[in-house]
Amino acid sequence: LRYVSEAAAIRMVDEYEQTGTKMGFKQGWKLGWNRRAFRMWVIDLVVNLPVIVFIAVLIGLGFLFFFSVISANVGLAVGGVISAIGCAFLIIFAFIILMVFLSLLRVFFIRVAALEDASIADSFRRGWDLFKNNWKSAVLMWLVMLGIGFGYGIAGMILFFVLIPAYIVLLLPAALVAAIPGAITLGIASIFASGPLAWIIAALVALPFFVFVIL
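Each residue of the sequence shown is one higher than the one before, counting from 141 in our numbering.
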């Protein structure tokens, strides 16, 4: 749904810029419901492959840290811990820079896929060419969006604390709403499980309803 919506939004904006036609939801949905959305998903999958590699490397460093700590050799343990921590910081720093760069490239990749109906390989190739020709504008736009993101985050934190009285007022209604599915789940879970497990299952079902009403 996310990629169909994103493809639809990109193509609707392009249609409006080209012809001045404002499309409704049904027309826009038809623009997004095609292979372009699938290609955008594949592009994101490729772009996010470094995340998988990053997690694998961190797991390896975690094992190094663990075996260094339990090592009987004090010098080896200290050296292993320091090496693991140092490598982790370097990898995290490099990973952040890489993902920022890939997030810039992604904008061009998915727009080529959505607007030009290009194949996945062509989307990467043409997107890279677009980025090389417009990298200054891309970086400037990224800085603008970064500033907006910081502002949004600060405003969200302030709003959270301002609305604490509202959260307190809504505690009772939220608890009443969550109690209904929680009680039903507890009754069903009690048939198959006993003790704390049934209560935990009921709490996991009730929690989303509670949070939804509060927020």
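All C-beta atoms, glycine included, are put in the ideal place defined by N, C-alpha and C.
This one's a predicted model, so the numbers in the text were calculated from it and none came from an experiment.
Environment of residue i [buried if 16+ CB atoms lie within 10 Å]
i, result
"Arg179", "buried"
"Phe249", "buried"
"Arg142", "exposed"
"Ile150", "buried"
"Ser263", "buried"
"Phe207", "exposed"
"Ala342", "buried"
"Ala224", "buried"
"Gly267", "buried"
"Ala261", "exposed"
"Ala196", "exposed"
Residue i versus residue j: straight-line alpha-carbon distance, rounded
i, j, result
"Phe229", "Thr161", "50 angstroms"
"Val353", "Gly289", "26 angstroms"
"Cys227", "Leu242", "22 angstroms"
"Arg176", "Leu198", "34 angstroms"
"Leu189", "Val240", "14 angstroms"
"Phe194", "Leu244", "19 angstroms"
"Ala328", "Leu337", "It is Ile, not Ala, that sits at residue 328 in the sequence shown. Between Ile328 and Leu337, the C-alpha separation is close to 12 angstroms."
"Gly202", "Ile183", "30 angstroms"
"Glu157", "Glu256", "15 angstroms"
"Val345", "Val351", "11 angstroms"
"Tyr307", "Ile324", "25 angstroms"
"Val218", "Val279", "42 angstroms"
"Trp275", "Leu312", "53 angstroms"
"Thr159", "Ala319", "53 angstroms"
"Met297", "Gly291", "10 angstroms"
"Met285", "Phe332", "50 angstroms"
"Phe300", "Gly287", "20 angstroms"
"Arg277", "Val187", "For the sequence presented, residue 277 should be read as Ser rather than Arg. Near 21 angstroms, if we compare the C-alpha coordinates of Val187 and Ser277."
"Ile232", "Gln167", "43 angstroms"
"Ile294", "Pro305", "19 angstroms"
"Ile222", "Gly200", "14 angstroms"
"Asn174", "Met152", "14 angstroms"
"Gly220", "Asn273", "45 angstroms"
"Ser334", "Val302", "42 angstroms"
Reference residue i, options the options, closest by Cα
i, options, result
"Ala191", "Asp269, Phe235, Ala258, Ser330", "The residue asked about is misnamed: residue 191 is Val in this sequence, not Ala. Of the candidates Asp269, Phe235, Ala258, Ser330, the one whose C-alpha sits nearest the C-alpha of Val191 is Phe235."
"Leu185", "Arg246, Ala315, Asp154", "Arg246"
"Asp269", "Arg251, Leu286, Leu347", "Arg251"
"Ala315", "Gly296, Phe349, Ser334, Gly287", "Phe349"
"Gly322", "Gly220, Ile340, Ala333", "Ile340"
"Leu355", "Asn273, Ser334, Leu204, Leu310", "Leu310"
"Leu347", "Phe271, Val317, Gly335, Ser330", "Val317"
"Ser145", "Ser330, Leu303, Lys170", "Lys170"
"Ala126", "Trp181, Trp282, Ile210, Leu326", "Absent from the model: residue 126. The displayed extent of the chain is 141 to 355, so no value can be given."
Which runs of the beta strand (DSSP E) spanning at least 3 residues fall entirely within the stretch 166-204, listed in chain order?
-> For the stretch 166-204, not a single whole beta strand (DSSP E) run of length 3 or above is found.
At what residue ranges does the stretch 268-312 contain a whole run of the alpha helix (DSSP H), taking only runs of 4 or more?
-> Restricting attention to alpha helix (DSSP H) runs no shorter than 4 residues, the stretch 268-312 encloses them at 304-309, ordered along the chain.
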